[in-house]
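For the record, in the sequence shown the residue sitting at position 236 is 216 according to my numbering, with numbers rising by one throughout.
Glycine included, every Cβ here is placed at the ideal spot set by N, Cα and C.
Below: one structure, written as structure tokens.
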Amino acid sequence: MRILVAGSGSIGRRHLHNLTGLDPGCSCLLLRADGREDECSRQFQAQVVQTVDQALADRIDAVLIATPSAQHADLLLEAIPAGLPVYVEKPVVTTGSDVLAVQAACERHGYHAASQVGCNLRLLPSLQRMRALVHEGAIGRVVRASLEAGQWLPDWRPQQDHRHSYSADPERGGGVIFDLIHELDAARWLLGELHPCACLSATVPALEINSEAIAVALLRSEAGVLLQIGLDYVARRPLRRYQLVGDTGTLTWDLPGQRLILDNARGSELIDCGEQGFDVALTYRKALAEFLKAVQSAGTTTQPIQEGLRSAALAIRLKELACLNP
């Protein structure tokens, strides 16, 4: 298999490593506008190409997009007309016009190739267990939910000055609402489609960045569940915690603490999620393996591009609401 990889930052390199591990015979091409070879291209023995057209001439089988988020749409609008299978990192796009453009391209070109969006937390066994318990009625009717995630931004990529990262730059798709779209996607996946009601965001002077470093959103699900989602680049200890409150019990999922707890009138129960229940690194491999299998079999994935566009559209709307409440 020959795969064009756009983007060789930390997430791009992770995907390159996983590609070669999952398919040792895979040939990777790196998309570089300047055609520059470097340590990364040499490490993965990747051919460097300057355009998607050049890669198409080399008969690639798929495209993996791991560039800064604001650049995703341009690459998608080249891959979709060519009918190429696409793995695209989250968020799929960062503007409402890009959502419409990608949707229109899919319809115009009858795009049905395999596609996968990098919201890999859906593949985490512990979160899958939480969703199953909700659907089984373990906490009755869900009435309220709280999802929160945060980490001190300089700790995300210690080898890089955070002030120069794409996360720091809203023009490149930075800011917690897009960066931590996992929480919006997980909320949709756990509770169904969501209607945004309000959102506030702010910068944090200590970080010396232009993008929003904190955001709090209020939403309502189609079933009437009230949700609060809190995101930040500030928490000095990594935080990712989801709580679903039902009329017969409460589920609390804590990723750093590696526990899923069911509380009800009978007491508290620690739910067994297996040895790999909280292994986030493994979910990257699972998502990529699922995509590669779909490419080879002309099949489908659990997170096709249309699903990712819905989460992206929700994040974009929250950004707009936050701008209305400076």
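Distance between A292 and R143 (C-alpha atoms, nearest Å): Locating residue 143 in the sequence shown gives position 163, counting from the first residue. Locating residue 292 in the sequence shown gives position 312, counting from the first residue. In this model, R143 and A292 are separated by some 24 angstroms (Cα to Cα).
Same chain only: Cβ atoms within 7 angstroms of L103, ignoring 5 sequence neighbours per side: Along the sequence shown, one-based indexing puts residue 103 at 123. Same-chain partners within the cutoff: T263, K266, A267.
What residue does the alpha helix (DSSP H) around L304 start on, and which one ends it? For the purposes of this step, residue 304 is taken as the residue at position 324 of the sequence shown. It spans 285 to 304 - the alpha helix (DSSP H) in which L304 sits, taken as one unbroken run.
Threshold first: 3 residues or longer. Then list the beta strand (DSSP E) segments lying entirely within the segment 168 to 208, N to C. Taking 3 residues as the shortest admissible run, the segment 168 to 208 contains the following complete beta strand (DSSP E) segments, listed from N- to C-terminal end: 174 to 182, 194 to 201.
Under a three-way DSSP split, which group does C99 fall into? Reading the sequence shown from its first residue, position 119 is the one you call residue 99. C99: coil per DSSP, three-state reduction.
Counting C-beta neighbours from all protein chains within 10 Å, is the total for N305 16 or more, i.e. buried, or is it exposed? The sequence position of residue 305 within the sequence shown is 325, counting from 1. Around the beta carbon of N305, fewer than 16 other beta carbons sit within 10 angstroms, so the residue counts as exposed.
Find out if the Cβ-Cβ distance for the pair E286, P105 is shorter than 8 angstroms. One-based indexing of the sequence shown puts residue 286 at position 306. One-based indexing of the sequence shown puts residue 105 at position 125. The sequence shown places Gln at residue 286, rather than the Glu named in the question. No, Cβ-Cβ distance for Q286 and P105 is not below 8 angstroms.
Cβ-Cβ distance between L20 and R(-7) below 8 angstroms: As a position in the sequence shown, residue 20 is number 40, starting the count at 1. As a position in the sequence shown, residue -7 is number 13, starting the count at 1. In the sequence on display, residue 20 carries Cys and not Leu. Yes. Within cutoff.
What residue from A13, G120, G98, S201 has the CA that sits closest to G172's CA? Mapped onto the sequence shown, residue 172 falls at position 192. Minimum Cα distance to G172 is reached at S201.
Check each candidate in R246, R220, T230 and name the one with the smallest Cα separation from P236. Within the sequence shown, residue 236 is the residue found at index 256, counting from 1. The option with the nearest alpha carbon to P236 is R220.
Return the CA-CA distance between V205 and L289, expressed in angstroms with no decimal places. Mapped onto the sequence shown, residue 205 falls at position 225. Mapped onto the sequence shown, residue 289 falls at position 309. The straight-line gap separating the alpha-carbon atoms of V205 and L289 is approximately 22 angstroms.
How about V28 and L10: do their beta carbons lie closer than 8 angstroms? In the sequence shown, counting from the first residue as 1, residue 28 sits at position 48. In the sequence shown, counting from the first residue as 1, residue 10 sits at position 30. Yes. Within cutoff.
First and last residue of the beta strand (DSSP E) that includes E128? Within the sequence shown, numbered from 1, the residue matching residue 128 stands at position 148. For E128, the enclosing beta strand (DSSP E) covers residues 122 to 130.
Where G5 sits in the DSSP three-state scheme: The sequence position of residue 5 within the sequence shown is 25, counting from 1. The answer is coil: DSSP assigns G5 none of H, G, I, E or B.
For P48, which residues of its own chain have a beta-carbon under 7 angstroms away from its beta-carbon, when the five flanking residues on both sides are left out? The residue given as residue 48 occupies position 68 in the sequence shown. The residues are Y146, R152, G153.
Do the segment 238 to 254 and the segment 91 to 101 meet, that is, are 3 or more Cβ pairs less than 8 angstroms apart? no
Would you call the segment 124 to 143 and the segment 33 to 42 in contact, with 3 or more CB pairs under 8 angstroms? no
Under the three-state reduction of DSSP, which class applies to V28: helix, strand or coil? For this step, residue 28 is matched to residue 48 along the sequence shown. V28: strand per DSSP, three-state reduction.
Within 10 Å of its beta-carbon, does P284 have 16 or more other beta-carbons around it, so buried, or fewer, so exposed? Counted from its first residue, the sequence shown places residue 284 at position 304. Buried, because 16 or more other Cβ atoms sit within 10 Å of the Cβ of P284.
What residues match up with S248 in a beta bridge as DSSP calls it? Indexing the sequence shown from 1 puts residue 248 at position 268. BP columns for S248 point to D243.
Selected residue, minimal CA-CA separation from V43, among T75, G15, A94, L80: One-based indexing of the sequence shown puts residue 43 at position 63. Checking every option, the nearest Cα to that of V43 belongs to A94.
Provide the residue span of the beta strand (DSSP E) that contains Q223, from first to last. Reading the sequence shown from its first residue, position 243 is the one you call residue 223. Counting along the chain, the beta strand (DSSP E) containing Q223 begins and ends at 219 to 226.
Whole angstroms are fine: how far does the CA of I296 sit from the CA of G210? Indexing the sequence shown from 1 puts residue 210 at position 230. Indexing the sequence shown from 1 puts residue 296 at position 316. For G210 and I296, the distance between alpha carbons rounds to 16 angstroms.
Tell me, to the nearest whole angstrom, how far the beta carbon of A311 is from that of A166; I am working on the premise that it is less than 8 angstroms. Past the edges of the chain, shown from -19 to 306, lies residue 311, and the structure says nothing about it.
DSSP-derived helix/strand/coil call for G(-8): Locating residue -8 in the sequence shown gives position 12, counting from the first residue. Correct three-state label for G(-8): helix.
Take L170 and list the residues in its own chain whose beta-carbon comes closer than 6 angstroms to its own, dropping the five residues that flank it on each side. Position 190 of the sequence shown, counted from the start, is the residue given in the question as residue 170. Hits under 6 angstroms: R111.
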